[in-house]
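A short write-up of the structure that comes next.
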Amino acid sequence: MVTCWVILRRTGKFRGFQGRETAPDCRLGFEMGLPPKQGLYDPRNEHDACGVGFVANIKGARSHEIIGLGLQLLINLDHRGAVGADPLMGDGAGILIQIPDPLFREWAKDTGVTLPAPGQYAVAMCFLPREAKAREIVVKQFEHFIKVEGQKLLGWRDVPTDPAGLGKTVLDGMPLIRQAIIAAGPHIRDQDQFERKLLTIRKQAQNPLAELAKKHKLPAIQQLYMPSLSTRTVVYKGLLLAHDVGRFYRDLQNPLTVSAVALVHQRFSTNTFPSWKLAHPYRFIAHNGEIN
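Right, dumping it as structure tokens:
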């Protein structure tokens, strides 16, 4: 079974749907009236919320279909996002999924890397500076702290992208997108401890960026950003329109990209300028709450 939730921004309407995973017409749109109680949905739980979409297989079965449903849900939320003066530039959109182990098994096979069991390796989605010298410094910094914290860098993976059709403003600010694959060190007892170690690595790598930029007189050093660094999930996002996410990130078209959950978001930036790193989802959440 597939359960889909859509939380509509501003209107205070919550829409839920449950249907068989094999159903070809799993629609994510609903009538104006409230649907009857079904599955996990209960109309008594209607409440104000923001523009976020979530799709999950309630039995935890991973499939590429969940990716497709999540991306379709994101497109259905397109009216909840914003478009700038450049009609090819939105305020940002993205999707959070479980780490697709088959995809990284294929990468490991192609590169001759021995990949540990799921939960014993992590994927760092990295937005890197395009300026070569700045990128060299931040990569060295990141790899240094991986080693200092007793973990093992297995390699870097270029994230396949298709920038065709993106606006000039989007392309001008687009980072170099790569993934670092990190194996747990010998002293890691369990997955949760590994997650805490990854947080320590990320904080040590990112917190001194302003100081490093000043020291090397390279402002681009501050452009390093990690949308996700986890043993469990990975975030594909950017300064994209909703319909661009699945096309831009070619991993999302790959049948090996499987997940039991998909959290999607289309951003409407009201009090911050849109940027690649401020697109949602974040590492654990997606929201459209505002403090004005």
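Quick note, the sequence shown lines up with residues 1052 to 1343 if you use our numbering.
From the three backbone atoms N, C-alpha and C, an ideal C-beta is built for every residue, glycine too.
Reduced DSSP secondary structure (H/G/I, E/B, other) of ILE1233: In the sequence shown, counting from the first residue as 1, residue 1233 sits at position 182. Of the three classes helix, strand and coil, the one that applies to ILE1233 here is strand, per DSSP.
Ranges of the alpha helix (DSSP H) found wholly within the stretch 1264–1327, counting only runs of at least 4: 1296–1299
Outcome for GLU1262 when other beta-carbon atoms lying within 10 angstroms are tallied against a minimum of 16: On the sequence shown, residue 1262 is found 211 positions in, with the first residue counted as 1. GLU1262 counts as exposed, since fewer than 16 other beta carbons sit within 10 angstroms of its beta carbon.
Close beta carbons around GLN1242, own chain, < 7 Å, minus the five adjacent residues each side: For the purposes of this step, residue 1242 is identified with residue 191 of the sequence shown, where counting begins at 1. Within the same chain, GLN1242 has close Cβ partners GLY1170 and THR1282.
Under the three-state DSSP convention, the category ARG1240 falls into: Here residue 1240 refers to the residue found at position 189 of the sequence shown. DSSP places ARG1240 in coil when its eight states are reduced to three.
First through last residue of the beta strand (DSSP E) which encompasses LEU1091: Your numbering for residue 1091 matches position 40 in the sequence shown. Careful: LEU1091 lies outside any beta strand (DSSP E) and carries neither H nor E.
Enclosing alpha helix (DSSP H) for ASN1127 [first to last residue]: Counted from its first residue, the sequence shown places residue 1127 at position 76. Here the alpha helix (DSSP H) through ASN1127 covers 1115–1127.
C-beta contact flag for THR1284 and PRO1151 at 7 Å: As a first step, residue 1284 is located in the sequence shown; it is residue number 233 there, counting from the start. As a first step, residue 1151 is located in the sequence shown; it is residue number 100 there, counting from the start. The criterion of a C-beta distance shorter than 7 Å is not satisfied by THR1284 and PRO1151.
Through-space distance from ILE1233 to GLN1202, alpha-carbon basis: Along the sequence shown, one-based indexing puts residue 1202 at 151. Along the sequence shown, one-based indexing puts residue 1233 at 182. In a straight line, the C-alpha of GLN1202 is about 7 Å away from that of ILE1233.
Spatially closest choice to VAL1296 from PHE1193, ILE1118 and THR1220, by CA coordinates: Locating residue 1296 in the sequence shown gives position 245, where the first residue counts as 1. Residue ILE1118 is the option with its Cα nearest to VAL1296.
Contacts around GLY1147, its chain only, beta-carbon distance under 6 Å, and the 5 residues preceding and following it disregarded: Counted from its first residue, the sequence shown places residue 1147 at position 96. Residue 1147 is actually Leu in this sequence, not Gly. For LEU1147, where only same-chain residues beyond five positions count, the Cβ hits under 6 Å are THR1284, VAL1286, LEU1314 and PRO1332.
Simplified DSSP assignment, three categories, for ILE1252: Here residue 1252 is taken as the residue at index 201 of the sequence shown, counted from 1. Note: ILE1252 maps to helix in three-state DSSP.
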